[in-house]
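In my numbering, the protein residues as written are 707 to 878. A short write-up of the structure that comes next.
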Amino acid sequence: MKKVLPHPLLSLLLLGLWLLLNNSLSAGQFLLGLILGIAIPLWVRHALAIHLPIRKPFALLAYIALVLRDIIVANFVVAKQVLGPNRALQPHFLNIPLTVSHPTAISLFASTITLTPGTVSCELSQDGRTLRVHALHTLDPVAEVAGMKERYERRLIRIFGEKSTSTVQEHP
707 MKKVLPHPLL SLLLLGLWLL LNNSLSAGQF LLGLILGIAI PLWVRHALAI
757 HLPIRKPFAL LAYIALVLRD IIVANFVVAK QVLGPNRALQ PHFLNIPLTV
807 SHPTAISLFA STITLTPGTV SCELSQDGRT LRVHALHTLD PVAEVAGMKE
857 RYERRLIRIF GEKSTSTVQE HP
């Protein structure tokens, strides 16, 4: 059964999403959604076979809640910065020295930064130890880097059970 449905929850999610997007519960749409729900997970099963070494699943749930909250708050902050009377934005490129080393943790950290309005992850260094981020507005780049490391990276270290080996470094 695992060969036919390698990810049954993903199959159900795809079926449900297909039915919602088509706004129809007809037999034809259900059958097409079922075919897609089985075919897509089979097609991407090798990409989904990556083991995520999550050590603290409840910490991951707390992290997701924190990120959702930060996205909502940042939307209002960015709207105020862009639409407000004082549009003197001070954009900066920030170089964040990474403590996390697992590719999934790095990807989550970069994605979190990009999902939060006002910041976008631009580049990961060749050695995977520095993440370049563009911030729409920041008065203190060093404090911004320290804040991202404290708020997000420290939690990812805990979730993935990595050892914390470096401290915040100043980068231009």
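Ideal Cβ placement from N, Cα and C applies to all residues, glycine included.
- With a contact defined as Cβ atoms closer than 8 Å, glycine 834 and proline 759 miss out at about 17 Å.
- Three or more beta-carbon pairs separated by less than 8 Å link the segment 822-836 to the segment 801-808, which places the two stretches in contact.
- In terms of Cα proximity to phenylalanine 782, the closest of Thr818, Gly824 and Ala849 is Gly824.
- Linking leucine 766 to isoleucine 865 through their CA atoms gives a straight-line distance of about 6 Å.
- For glutamine 796, same chain residues with a beta-carbon under 7 Å away, outside a window of 5 residues either side, are His843, Thr844 and Leu845 in chain order.
- Of all alpha-carbon atoms in Lys709, Ala841 and Leu862, the one lying nearest the alpha-carbon of isoleucine 746 is that of Lys709.
- Taking 8 Å as the cut-off, the Cβ atoms of leucine 800 and valine 750 do not count as close.
- Around arginine 861, the same chain offers Ala765, Ala768, Tyr769 and Leu772 as residues with beta carbons nearer than 8 Å, after the five sequence neighbours per side are excluded.
- Under a 10 Å Cβ-count criterion, alanine 841 is classified as buried, with 16 or more other Cβ atoms of the shown protein chains found around its own Cβ.
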